[in-house]
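Novice: I have a structure I would like to understand better, so I am pasting it below and will then ask my questions one at a time.
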């Protein structure tokens, strides 16, 4: 499955949206703008 991720970063929160090749949302969330929070969600 080919997927793309869009990431919007602010000081407190980061929004992440993953879509498949037909632009259907596969996963989306808001996490703390901390490297550990992002890596836990993306892995």
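Residue numbers (our numbering): 1 to 43. For every residue, glycine included, the Cβ atom is placed at its ideal position computed from N, Cα and C. Because the structure is a prediction, the values reported are computed rather than measured.
1) I'd like to know whether the C-beta atoms of residue 3 and residue 18 end up nearer to each other than 8 Å.
2) Apart from the five residues on each side of it in sequence, which residues of its chain come closer than 8 Å, Cβ to Cβ, to residue 47?
3) Quick check on residue 15: does DSSP put it in helix, strand or coil?
4) Got a sec? Which residues, its chain only, sit under 7 Å from residue 26 by beta carbon, not counting five neighbours each side?
5) Quick check on the DSSP output: the beta strand (DSSP E) that includes residue 36 runs from which residue to which?
Specialist: On the basis of the supplied data:
1) Translated into positions along the chain shown, residue 3 becomes position 3. Translated into positions along the chain shown, residue 18 becomes position 18. Cβ atoms of residue 3 and residue 18: closer than 8 Å.
2) Shown here, the chain extends from 1 to 43; a query on residue 47 therefore has no answer.
3) On the chain shown, residue 15 is found 15 positions in, with the first residue counted as 1. Residue state, collapsed to three classes: strand.
4) Counting from one through the chain shown, the residue named residue 26 turns up at place 26. Within the same chain, residue 26 has close Cβ partners 3, 18, 19, 20.
5) Looking up residue 36 in the chain shown gives position 36. Per DSSP, residue 36 belongs to no beta strand (DSSP E); it is in the alpha helix (DSSP H), 35-42.
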